[in-house]
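Residue numbers (the working numbering), protein chains in the order written: chain A, 1 to 219; chain B, 1001 to 1219; chain C, 2001 to 2219; chain D, 3001 to 3219.
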Amino acid sequence: MAADNHNPHDHAHGSVHGSELSEMQLRVRALETILTEKGYVEPAALDRIVENAETKIGPHIGARIVARAWVDPAFKRRLLADASEAVNSLGYVSPVGSHLIAVENTPKAHHMVVCTLCSCYPWEVLGLPPVWYKSAPYRSRAVIDPKGVLAEFGVTLPPDTEIRIWDSTAETRFLVLPMRPAGTEGWNEEQLAGLVTRDSMVGTGLAKSPAEAPIEVAR
Amino acid sequence: MAADNHNPHDHAHGSVHGSELSEMQLRVRALETILTEKGYVEPAALDRIVENAETKIGPHIGARIVARAWVDPAFKRRLLADASEAVNSLGYVSPVGSHLIAVENTPKAHHMVVCTLCSCYPWEVLGLPPVWYKSAPYRSRAVIDPKGVLAEFGVTLPPDTEIRIWDSTAETRFLVLPMRPAGTEGWNEEQLAGLVTRDSMVGTGLAKSPAEAPIEVAR
Amino acid sequence: MTNSIHDMGGMHGFGPVEVEPNEPAFHAPWEGRVFAMQRAMGFTRLWTIDGDRASIETLPPVAYLAASYYERWFLGLEKQVVAHGLVGEDEIAAGRSLRPGRRLNRKLTAADVPGTMTRGNFARPAPGPARFKAGDQVRTANINPVTHTRLPRYARGKTGTVEAVRGCHVFPDSAAIGAGDNPQFLYTVVFSARELWGEAADPSVSVSIEAFEPYLAPA
Amino acid sequence: MTNSIHDMGGMHGFGPVEVEPNEPAFHAPWEGRVFAMQRAMGFTRLWTIDGDRASIETLPPVAYLAASYYERWFLGLEKQVVAHGLVGEDEIAAGRSLRPGRRLNRKLTAADVPGTMTRGNFARPAPGPARFKAGDQVRTANINPVTHTRLPRYARGKTGTVEAVRGCHVFPDSAAIGAGDNPQFLYTVVFSARELWGEAADPSVSVSIEAFEPYLAPA
């Protein structure tokens, strides 16, 4: 359900509550029945797609890529030069297709990704997009009020930071390489991956500091 | 109710049907009660405003002005030079304020009025605006697809006609002076006024031909 | 707000213009009451017509689109009386007054109503000479304020011709935010459809807006 | 359609971005089924990803805004299967198939699913050399087609800098209307926020779009 759809005067759609849910459930079930009966889709294939989306893809993939870039300068160079090639070379993630682009956050420049026209998102490395990414507030404001959006995510950058918004208007997809947090010298890739949040790879967040890290990772 | 609001998936608002009507009725009645109890409004004044809107103003006012301009070249010149002054000089319509502007349709140029930002309309001379004038289809399309809009009103102009759209973005208000139909030589003002439609004074229509005239007017 | 859904000139997707034959002034009695309350409260001069517009423009976009015209007026009026401290949220929720009203300097009586049928005068003494004259080429500003403006998005950053100087008027961008009349010269500025919509546009179409001087620079 | 409500970059009024902690991939099982059906039907190659986008963009604006993300996908998919003659309106109404399906050249099986986790390749052989190179100043076109485009309104008629050439890609404006791949060079073009939003914009912000060559002219 989209966060942008709720107001006291909106009681159609936009909601997973009560009777609305039932209506959508019924309509979706009916369409699946029709498509199946007509031989266009195979329910087992649909099951498999859902399973893949729920269990295989997710920001853990991007987090491993980022952690590798933090510890391996040669990999980082490859990633920034051709992210598709670099990620596919890792072997341990699904092939990401040929249009992945990585952009690096630095103390001087902060990158943030949006799709104003729909909700394009690098799901191969981040999983399905969260509702906020697909919502009207984010899509409308990221390009005209990025600092306001960042503030709502709790991100305040030094005033002299250049902010760059990437509007995903084609099939190219963008992965933000967040800055490696201070105090992580000597951490291994797995430990570092625990600091890499989904939002830090979209540009609406920063990587966690060691103090914020999951207990099993922090020392 | 706005014509733009209806689609099979929209069952909130936008409608005067059934329970929606009741909800608005109740809310409006409650607000009137509050404003009255708090001494801000006087129901008798509200009654009078409604009565005025329903019975005093309307396109019959504009029609008389247009008919006068058709029979009186000096009045027409005054109307086009300063419509507020010219209309107020007639004495028989409510004072129209100081921002009325009349624009003349000719075989070479057709004028059409819209308010893309809200629904500004010269209600002193045309009455309250119709729903279509306030609707999203008209407001959105009049400025980008005026010929498409005119076609939906059944108006097709010679291809070399210049079309001019007036977007009412300030407190100036526009009255279109339609072309006098052929075959009305010798008609008096009252007869001519019967040919002047609301739409012809907004620019989404033409004045009626004698053949289309009301029976009591046509000879 | 400036770039909200109300600014729909040039948008696609709203469908055809639907005309209702023999349309009444109001489709239900509550519409007339909303109209009357809005005018009666406007008479108090506690806010301006542009304040009313801003109140409606800041409705959530889905509420704006789903609402009929008088539903929008109602929602806007409810917001205004609450925002100006005339009615409490608790009273709106209760559907009745819970405490005495504030004292108003002006309250509309039935006897005042005929006088309100004349449009208000928005002309103001000019603080100086007009910057532009008929025939001047001007370029509209690219402004995107978060507060009210009457420069529509489709006419920003465009080159047009001043057709007429309409005198000095209340400046809506100031009046809407309680910043006074701040009078500014008003111009009718004409653009070719090709300037507004690109080379594919119909060369026989032109569109004018009523533009306040701060919106304009020499072309 | 090009200027419909989906093109919301730079709009105001949608409120704050609301983030849901620990968000699941799907908020209800029907969302997963919609996602899966959409991908399974995409596998048939009866239409393109831009055809899907166009189907959603042409939903009535109020339905678009009121719907959640997967509701939109559902509504778009329902339109697509009907538009392409795969399912009858009568079958949608009945909620079951009423006649055998058409024979498809490609049908997704469970075994195919892992392969669909790689993003499709939209690169195509270049018909000639790229017109622009990194560093070139370009001006975006002012286009307002009634069919699908990926040049957002906020970035039309603006001057920016080519930052990168992304190769030659399927042109969405053609693919969406069944006019073939019509491959075009794709560029990352960067604009200052001040160019996009005016002098009041933050000078530290820039925004890029992925722009196809037909959208660009030398500045």
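Glycine included, every Cβ here is placed at the ideal spot set by N, Cα and C.
Original post:
What residue does the alpha helix (DSSP H) around G1062 of chain B start on, and which one ends it?
Top reply: Here residue 1062 of chain B is taken as the residue at index 62 of the second sequence, counted from 1. Residues P1059 to V1071.
Subject >> Reduced DSSP secondary structure (H/G/I, E/B, other) of Y40 of chain A >> reply: Taking the first sequence and counting its residues from 1, one reaches residue 40 of chain A at position 40. In the structure shown, Y40 of chain A sits in coil (DSSP, three-state: anything other than H, G, I, E or B).
**OP:** Mind listing, in chain order, the continuous alpha helix (DSSP H) runs of no fewer than 4 residues lying wholly within the region 3081 to 3128 of chain D?
**Re:** 3089 to 3094
Original post:
From V2205 of chain C to P1130 of chain B, what distance separates their C-alpha atoms?
Top reply: Translated into the one-based positions of the third sequence, residue 2205 of chain C becomes position 205. Translated into the one-based positions of the second sequence, residue 1130 of chain B becomes position 130. Their Cα atoms are separated by approximately 24 Å.
Original post:
What residue from D:R3150, D:V3082 and D:R3053 has the CA that sits closest to R3072 of chain D's CA?
Top reply: Here the question's residue 3072 of chain D lines up with position 72 in the fourth sequence. When each option's Cα is compared against that of R3072 of chain D, the closest is D:R3053.
Subject >> Nearest residue (CA-CA) to R3099 of chain D, options A:K38, A:A81 and A:K108 >> reply: Within the fourth sequence, residue 3099 of chain D is the residue found at index 99, counting from 1. Per the Cα distances, A:K38.
**OP:** Enumerate in chain order the residues of its own chain whose CB-to-CB distance from A2141 of chain C is below 8 Å, with the five nearest sequence positions on each side excluded.
**Re:** By one-based count along the third sequence, residue 2141 of chain C stands at place 141. Taken in chain order, the residues that qualify are L2151, R2156, G2157, P2214, Y2215, L2216 and A2217.
Original post:
Comparing alpha-carbon positions, which option in A:N105, A:L100 and A:K134 lies nearest P122 of chain A?
Top reply: For the purposes of this step, residue 122 of chain A is identified with residue 122 of the first sequence, where counting begins at 1. The candidate whose alpha carbon is nearest that of P122 of chain A is A:L100.
**OP:** Evaluate the contact criterion for the region 1132 to 1142 of chain B versus the region 1109 to 1116 of chain B: three or more CB pairs, one atom per stretch, below 8 Å.
**Re:** yes
Original post:
Counting only beta-carbon atoms, is A3141 of chain D nearer than 8 Å to chain C?
Top reply: Here residue 3141 of chain D corresponds to residue number 141 of the fourth sequence, with the count starting at 1. Cβ-Cβ to chain C under 8 Å: yes for A3141 of chain D.
Original post:
With C-beta atoms as the reference, is H2027 of chain C less than 8 Å away from S3004 of chain D?
Top reply: Numbered from 1 along the third sequence, position 27 holds the residue referred to as residue 2027 of chain C. Numbered from 1 along the fourth sequence, position 4 holds the residue referred to as residue 3004 of chain D. Not a contact, by the Cβ cut-off of 8 Å.
Subject >> Collapsed DSSP secondary structure at S2174 of chain C in the structure displayed >> reply: Looking up residue 2174 of chain C in the third sequence gives position 174. Helix, per DSSP.
Original post:
When DSSP labels each residue in this structure, what does W2197 of chain C get in the three-state scheme?
Top reply: The sequence position of residue 2197 of chain C within the third sequence is 197, counting from 1. Reduced to three states, the DSSP call for W2197 of chain C is helix.
Subject >> Cross-chain neighbours of E2213 of chain C in chain B, by beta carbon under 9 Å >> reply: Locating residue 2213 of chain C in the third sequence gives position 213, counting from the first residue. Simply none; closest approach about 12 Å.
Original post:
Just reading off the alpha helix (DSSP H) that V2146 of chain C is part of, what are its end residues?
Top reply: Within the third sequence, numbered from 1, the residue matching residue 2146 of chain C stands at position 146. V2146 of chain C -> no alpha helix (DSSP H), and no H or E assigned at all.
Subject >> Span of the beta strand (DSSP E), counted from its first residue to its last, around Y1194 of chain B >> reply: Along the second sequence, read from residue 1 onward, the residue named residue 1194 of chain B stands at position 194. As written in the sequence, residue 1194 of chain B is Gly, which differs from the Tyr given in the question. Note, G1194 of chain B: premise wrong, no beta strand (DSSP E); not H, not E.
Original post:
Can you tell me the Cα-Cα spacing of L1079 of chain B and F1174 of chain B, whole angstroms?
Top reply: Reading the second sequence from its first residue, position 79 is the one you call residue 1079 of chain B. Reading the second sequence from its first residue, position 174 is the one you call residue 1174 of chain B. If I take the Cα positions, the gap works out to 12 Å.
Original post:
Using DSSP with H/G/I as helix, E/B as strand and the rest coil, what is P2218 of chain C?
Top reply: Within the third sequence, the letter at position 218 stands for residue 2218 of chain C. It is a strand residue.
Subject >> Contact check, Q2080 of chain C vs S2097 of chain C, beta carbons under 8 Å >> reply: The residue you call residue 2080 of chain C lines up with position 80 of the third sequence. The residue you call residue 2097 of chain C lines up with position 97 of the third sequence. The answer is no: Cβ separation not under 8 Å.
Original post:
Taking the beta strand (DSSP E) that F2220 of chain C falls in, what are its first and last residues?
Top reply: Residue coverage of chain C in this structure runs from 2001 to 2219, which leaves residue 2220 of chain C outside it and unanswerable.
**OP:** Compare the C-alpha of V3170 of chain D against each of D:G3120, D:G3135 and D:A3134 and name the closest.
**Re:** Stepping through the fourth sequence from its first residue, residue 3170 of chain D is reached at position 170. Of the candidates D:G3120, D:G3135 and D:A3134, the one whose C-alpha sits nearest the C-alpha of V3170 of chain D is D:G3120.
Original post:
Does the beta-carbon of N188 of chain A have 16 or more other beta-carbons within 10 angstroms, so that it is buried, or is it exposed?
Top reply: For the purposes of this step, residue 188 of chain A is taken as residue 188 along the first sequence, with counting starting at 1. Looking at its Cβ environment, which holds fewer than 16 other Cβ atoms inside 10 Å, N188 of chain A is exposed.
Original post:
Taking Cβ-Cβ distances shorter than 9 Å, what residues in chain B pair up with H2169 of chain C?
Top reply: As a working mapping, residue 2169 of chain C is identified with position 169 in the third sequence. The answer, in chain order, is H1099, A1170, E1171 and T1172.
**OP:** For the region 3182 to 3192 of chain D and the region 2126 to 2145 of chain C, state whether three or more C-beta atom pairs, one from each stretch, are separated by less than 8 Å.
**Re:** no
Subject >> Proximity to A1151 of chain B [Cα-Cα], best of B:L1206, B:H1060, B:P1181 and B:S1089 >> reply: Here residue 1151 of chain B refers to the residue found at position 151 of the second sequence. Nearest of B:L1206, B:H1060, B:P1181 and B:S1089 to A1151 of chain B, Cα basis: B:L1206.
**OP:** Counting only the same chain and skipping the five closest in sequence on each side, list residues whose C-beta sits under 7 Å from that of A2193 of chain C.
**Re:** Here the question's residue 2193 of chain C lines up with position 193 in the third sequence. Around A2193 of chain C: A2201, D2202, V2205, S2206 and V2207.
Original post:
How far does the alpha helix (DSSP H) with E3031 of chain D in it reach, from first residue to last?
Top reply: Translated into positions along the fourth sequence, residue 3031 of chain D becomes position 31. Its alpha helix (DSSP H) spans residues P3029 to F3043.
**OP:** Taking C-beta pairs closer than 7 Å, name the residues in chain D that V2062 of chain C reaches, listed in chain order.
**Re:** What you label residue 2062 of chain C is simply residue 62 of the third sequence in a count that begins at 1. Near V2062 of chain C (Cβ distances below 7 Å), the residues of chain D are V3062, L3065 and A3066.
**OP:** Give a yes or no on whether the minimum CB-CB distance between T2149 of chain C and chain D is below 8 Å.
**Re:** As a first step, residue 2149 of chain C must be located in the third sequence, where it is residue number 149. No - not a single Cβ of chain D is within 8 Å of the one on T2149 of chain C.
Subject >> In chain order, each beta strand (DSSP E) run of at least 3 residues that lies wholly inside the region 1067 to 1145 of chain B >> reply: 1100 to 1104 and 1109 to 1114
**OP:** Taking only the alpha-carbon atoms, compute the straight-line gap between N7 of chain A and L1031 of chain B and give it to the nearest angstrom.
**Re:** Indexing the first sequence from 1 puts residue 7 of chain A at position 7. Indexing the second sequence from 1 puts residue 1031 of chain B at position 31. At N7 of chain A, the pLDDT of 38 sits below 50, so the modelled position is not reliable; the number obtained from the coordinates is stated separately. When rounded, the distance between both Cα atoms is 20 Å.
Original post:
When we look at the beta-carbon of P3114 of chain D and count the other beta-carbons within 10 Å, is it buried (16 or more) or exposed?
Top reply: For this step, residue 3114 of chain D is matched to residue 114 along the fourth sequence. Exposed, since its Cβ has fewer than 16 Cβ neighbours within 10 Å.
**OP:** Helix, strand or coil for D2181 of chain C, going by three-state DSSP, please let me know.
**Re:** Position 181 of the third sequence, counted from the start, is the residue given in the question as residue 2181 of chain C. D2181 of chain C falls in the coil class under three-state DSSP.
Subject >> Local Cβ density within 10 Å of T2109 of chain C, reported as buried at 16 or more and exposed below that >> reply: As a working mapping, residue 2109 of chain C is identified with position 109 in the third sequence. Exposed: under 16 other Cβ atoms inside 10 Å.
Original post:
From what residue to what residue does the alpha helix (DSSP H) around A2054 of chain C run?
Top reply: What you label residue 2054 of chain C is simply residue 54 of the third sequence in a count that begins at 1. Where A2054 of chain C is concerned, the enclosing alpha helix (DSSP H) stretches over I2049 to E2057.
Original post:
Based on Cα-Cα distance, which residue from B:G1127, B:A1086 and B:I1144 lies nearest to I1049 of chain B?
Top reply: Here residue 1049 of chain B is taken as the residue at index 49 of the second sequence, counted from 1. The residue with the shortest Cα to Cα distance from I1049 of chain B is B:G1127.
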